[in-house]
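Chemist: Please find one structure pasted underneath; my questions will follow.
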Amino acid sequence: MTKSALQIARAAYQPKLPKALTGAVVAKEGEPTQSVADQEDIKKLFPNTYGMPLIQFVEGEAKEFAPMNVGVILSGGQAPGGHNVISGLFDGIKKLNPANKLYGFILGPGGLVDHNYMELTADIIDEYRNTGGFDIIGSGRTKLEKEEQFEKGYEILKELGIKALVIIGGDDSNTNACVLAEYYAAKNYGVQVIGCPKTIDGDLKNDMIETSFGFDTACKTYSEVIGNIERDCNSARKYWHFIKLMGRSASHIALECALQTQPNICIISEEVEAKNMSLDDIVTYIAQVVADRAAAGNNFGTVLIPEGLIEFIPAMKRLIAELNDFLAANGEEFNSIKRSKQRDYIISKLSPENAAIYASLPEGVARQLSLDRDPHGNVQVSLIETEKLLSEMVATKLAAWKEEGKFVGKFAAQHHFFGYEGRCAAPSNFDADYCYSLGYTASMLIANGKTGYMSSVRNTTAPAAEWIAGGVPITMMMNMERRHGEMKPVIQKALVKLDGAPFKAFAAVRDTWAKETAYVYPGPIQYFGPTEVCDQPTKTLQYEQAK
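Per numbering that gives the first Met the number 0, the very first residue in the sequence shown carries number 0; after that it's consecutive.
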């Protein structure tokens, strides 16, 4: 493999660890825990792993550990730093006993079920230190939820002598890890299961998990490109750039990128839902900012849009729900109608409120809503080009205002979607250190006989030496939610808090950013140089943990 100069230089970087992990450690147990909601239901489902205490690692006396084998799985979408979690886990178990072995299951949880694996040796690990991506063993989205999968997995774990399995993933993957831990504990199989918090979306967080890994790097990657676009925007002075950002269930990425780059507009889905805003309310808000800037001679600007916005607009949510139900029941009849007549057919079959909203949508978006279904028959919201939907509707509104004399400028739009560009970037120093610490912490949880825990590293706005490493029972993060018509235990997603410090900081200045051209240009991620340039955590963490 040909390596770039940066890859070669980064391979030599030694990630920083919390001071407590640099020598022998002991697990200090805290108070018993309970789930965030639905305590009785969760306790009933997880009798063997519910109510366990929080763990903090502190310096202890050196001990000898018998040899053991460990398995690792990368699950779900990629996030920068995954390779460093595996590196930290590898170094941790080798420090416990050099005879310990690490096995990687290929292409996600499916590799466990299908017995597809490889041993991860030092020469392989060294090729992937401080690199982006999940390509060391690949990832997948197979859900571990059936008894036959657990048993098939146990067959290979037993064959390889694996005593512990580390699952690196987001909320769904860690929910699966918790279910697997409970199953193996109930069967007395002697297999520990540990989770690690991954997702660039930033929605796997709570008091014990301050941030999910990859969020820092992804937001810095997107912010660099947004800054480049803002500089171009301010140079050409003739385009409005509508930029959609990854993050289906929460607006953490959009908010963090706004705090880093100071665009003219950033829509926050959670605020839209809380204020019961309609699609027209959002369009009117954007159009008014465009008109106000045009009146000051500025026919240009930038708009940040979270990927999942459509599902947070209450009226659109109702429309999508009715469309899902209607097309599930009448799909054959709909497909038999001529393409040119399908829009009118749908309008005639919907309730008056939803028919009016559907009729107001641009042709392309209306078609995406009615044609693109996932295997469960639901609208594939991520395929909806929200950035184009909003710019087209803004253009229509501005044209009407122009005739009324309310708009005096010009409006031309450019469209962007930043998603995959940020998921496999080389990790920032923060993510390189944080991920390595998460993996190393996982090895200590295994050494201390824990199962059903998620690796936790806190105090992350302090220098890495002062970080606090430990474990949090995964059941502590769970609640019951309806999934595919059934109530299921799942890790509660963390949405943007409108009363939280990051959103309040944004809300206090957004009107100024709307009027002025106050762009900030963060530039590319820096790996070498002054601490204030290279090692800064996200603005979100800085605001949340401001003393």
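The beta carbon of each residue, even a glycine, is placed where N, CA and C say it ideally should be.
Let me know the secondary structure DSSP gives G152 once reduced to three states.
Modeler: Taking the sequence shown and counting its residues from 1, one reaches residue 152 at position 153. Here G152 sits in helix by DSSP.
Chemist: Can you tell me which of the three DSSP states P523 falls into?
Modeler: For this step, residue 523 is matched to residue 524 along the sequence shown. In the structure shown, P523 sits in coil (DSSP, three-state: anything other than H, G, I, E or B).
Chemist: What is the residue span of the beta strand (DSSP E) that I247 lies within?
Modeler: Locating residue 247 in the sequence shown gives position 248, counting from the first residue. Looking at the sequence shown, residue 247 is not Ile but Arg. No beta strand (DSSP E) contains R247, which DSSP labels as neither H nor E.
Chemist: Which residues in the same chain have their Cβ closer than 8 Å to the Cβ of L106, if we skip the five residues on either side of it in sequence?
Modeler: Reading the sequence shown from its first residue, position 107 is the one you call residue 106. Hits under 8 Å: N115, I136, G137, S138, G139.
Chemist: What does DSSP give as the partner residues of N478 in its beta bridges?
Modeler: As a working note, residue 478 is residue 479 in the sequence shown. According to DSSP, N478 bridges with V489.
Chemist: Rounded to the nearest angstrom, what separates D231 and Y188 at their Cα positions?
Modeler: The sequence position of residue 231 within the sequence shown is 232, counting from 1. The sequence position of residue 188 within the sequence shown is 189, counting from 1. Distance between the alpha carbons of D231 and Y188 is about 60 Å.
Chemist: Going by C-alpha distance, which of I524, P488, T1, A4 is nearest D40?
Modeler: As a working mapping, residue 40 is identified with position 41 in the sequence shown. Of the candidates I524, P488, T1, A4, the one whose C-alpha sits nearest the C-alpha of D40 is P488.
Chemist: Apply the 10 Å Cβ neighbour rule to I7 and answer buried if 16 or more other Cβ atoms are within range, or exposed otherwise.
Modeler: Walking along the sequence shown from the start, residue 7 turns up at place 8. Under this definition I7 is an exposed residue.
Chemist: Would you say K396 and V282 are within 8 Å of each other, going by their C-beta atoms?
Modeler: As a first step, residue 396 is located in the sequence shown; it is residue number 397 there, counting from the start. As a first step, residue 282 is located in the sequence shown; it is residue number 283 there, counting from the start. Against a cut-off of 8 Å, the Cβ pair of V282 and K396 comes out as a contact.
Chemist: Rounded to the nearest angstrom, what separates Y452 and D324 at their Cα positions?
Modeler: Mapped onto the sequence shown, residue 452 falls at position 453. Mapped onto the sequence shown, residue 324 falls at position 325. Whole-angstrom Cα-Cα distance: 39 Å.
Chemist: Got a sec? Which residues, its chain only, sit under 7 Å from N205 by beta carbon, not counting five neighbours each side?
Modeler: As a position in the sequence shown, residue 205 is number 206, starting the count at 1. Hits under 7 Å: M476, A493.
Chemist: For the putative contact between L308 and I266, defined by C-beta atoms under 8 Å, what is the C-beta separation to the nearest angstrom?
Modeler: Position 309 of the sequence shown, counted from the start, is the residue given in the question as residue 308. Position 267 of the sequence shown, counted from the start, is the residue given in the question as residue 266. That belief holds up - the Cβ atoms of L308 and I266 are roughly 6 Å apart, short of 8 Å.
Chemist: Expressed to the nearest angstrom, what Euclidean distance is found between the alpha-carbon atoms of C423 and E272?
Modeler: Along the sequence shown, one-based indexing puts residue 423 at 424. Along the sequence shown, one-based indexing puts residue 272 at 273. Straight-line Cα distance between these residues: approximately 31 Å.
Chemist: My understanding is that A217 touches V190, with C-beta atoms under 8 Å, so please give their C-beta distance in whole angstroms.
Modeler: In the sequence shown, the residue the question calls residue 217 occupies position 218. In the sequence shown, the residue the question calls residue 190 occupies position 191. In fact, because the Cβ distance is near 32 Å, the residues do not count as touching under 8 Å.
Chemist: On the three-state DSSP scale, how would you describe S234?
Modeler: As a first step, residue 234 must be located in the sequence shown, where it is residue number 235. Reduced to three states, the DSSP call for S234 is helix.
Chemist: Taking only the alpha-carbon atoms, compute the straight-line gap between S347 and F333 and give it to the nearest angstrom.
Modeler: For the purposes of this step, residue 347 is taken as the residue at position 348 of the sequence shown. For the purposes of this step, residue 333 is taken as the residue at position 334 of the sequence shown. Taking the straight line from one Cα to the other gives about 12 Å.
Chemist: Under the rule that 16 or more other beta-carbon atoms within 10 Å means buried, what is A468, buried or exposed?
Modeler: Against the sequence shown, residue 468 aligns to sequence position 469. It counts as buried.
Chemist: When the Cα atoms are used, what is the spatial distance from V380 to L370?
Modeler: If you number the sequence shown from 1, residue 380 lands on position 381. If you number the sequence shown from 1, residue 370 lands on position 371. In a straight line, the C-alpha of V380 is about 11 Å away from that of L370.
Chemist: Ends of the alpha helix (DSSP H) at S390?
Modeler: As a working note, residue 390 is residue 391 in the sequence shown. Unbroken alpha helix (DSSP H) run through S390: 385 to 402.
Chemist: Report the CB separation of N298 from K237 in whole angstroms; it is logged as a contact under 8 Å.
Modeler: Position 299 of the sequence shown, counted from the start, is the residue given in the question as residue 298. Position 238 of the sequence shown, counted from the start, is the residue given in the question as residue 237. Going by Cβ atoms, the distance from N298 to K237 rounds to 6 Å, so yes, they are a contact pair.
Chemist: Report yes if the CB atom of V456 is closer than 8 Å to the CB atom of P17, and no otherwise.
Modeler: Residue mapping note: residue 456 aligns to position 457 of the sequence shown, counting from 1. Residue mapping note: residue 17 aligns to position 18 of the sequence shown, counting from 1. Yes, the pair counts as a contact, with Cβ atoms nearer than the cut-off.
Chemist: Between F56, I167, E310, which has its C-alpha nearest L88's C-alpha?
Modeler: In the sequence shown, residue 88 corresponds to position 89, counting from 1. Comparing Cα positions, the closest option is I167.
Chemist: Do P529 and T460 have their CB atoms nearer than 8 Å?
Modeler: Indexing the sequence shown from 1 puts residue 529 at position 530. Indexing the sequence shown from 1 puts residue 460 at position 461. No, Cβ-Cβ distance for P529 and T460 is not below 8 Å.
Chemist: With a 10 Å radius around its C-beta and 16 neighbouring C-beta atoms as the bar for buried, classify F214 as buried or exposed.
Modeler: What you label residue 214 is simply residue 215 of the sequence shown in a count that begins at 1. So F214 counts as buried.
Chemist: What separation, rounded to the nearest whole angstrom, lies between the Cα atoms of I85 and G438?
Modeler: Numbered from its first residue, the sequence shown carries residue 85 at position 86. Numbered from its first residue, the sequence shown carries residue 438 at position 439. One C-alpha to the other measures close to 6 Å.
Chemist: By a C-beta neighbour count over all protein chains shown, 10 Å radius and 16 as the cutoff for buried, is Q261 buried or exposed?
Modeler: Against the sequence shown, residue 261 aligns to sequence position 262. Under this definition Q261 is a buried residue.
Chemist: By the three-class DSSP mapping on this structure, what secondary structure does S381 have?
Modeler: On the sequence shown, position 382 is the one that residue 381 refers to. In the structure shown, S381 sits in a helix (DSSP, three-state: H, G or I).
Chemist: Going residue by residue through the segment 257 to 284, where are the continuous beta strand (DSSP E) segments of at least 3 residues, counting only ones entirely within it?
Modeler: List check, beta strand (DSSP E) in window: nothing returned.
Chemist: So does the segment 336 to 344 actually touch the segment 282 to 291, counting three or more Cβ pairs closer than 8 Å?
Modeler: With the cut-off at 8 Å, the segment 336 to 344 and the segment 282 to 291 do not touch.
Chemist: Per DSSP, M67 is paired with what?
Modeler: Translated into positions along the sequence shown, residue 67 becomes position 68. BP columns for M67 are empty, so no partner.
Chemist: Is DSSP giving R128 helix, strand or coil here?
Modeler: As a working note, residue 128 is residue 129 in the sequence shown. R128 falls in the coil class under three-state DSSP.
Chemist: With DSSP as the reference, label Q6 as helix, strand or coil.
Modeler: As a working note, residue 6 is residue 7 in the sequence shown. In the structure shown, Q6 sits in a helix (DSSP, three-state: H, G or I).
Chemist: Would DSSP call E331 helix, strand or coil?
Modeler: Position 332 of the sequence shown, counted from the start, is the residue given in the question as residue 331. The answer is helix: DSSP assigns E331 an H, G or I state.
Chemist: Going along the chain, which residues of its own chain have a beta-carbon closer than 7 Å to the beta-carbon of L497, five neighbours each way excluded?
Modeler: Counted from its first residue, the sequence shown places residue 497 at position 498. Correct list, in chain order: E269, E270, A273.
Chemist: Look up T301 in the DSSP assignment and say whether it is helix, strand or coil.
Modeler: For this step, residue 301 is matched to residue 302 along the sequence shown. Looking at T301 - three-state DSSP - the assignment turns out to be strand.
Chemist: Alpha carbon to alpha carbon, what distance is there between A253 and R509?
Modeler: As a working mapping, residue 509 is identified with position 510 in the sequence shown. As a working mapping, residue 253 is identified with position 254 in the sequence shown. So the two alpha carbons sit approximately 13 Å from each other.
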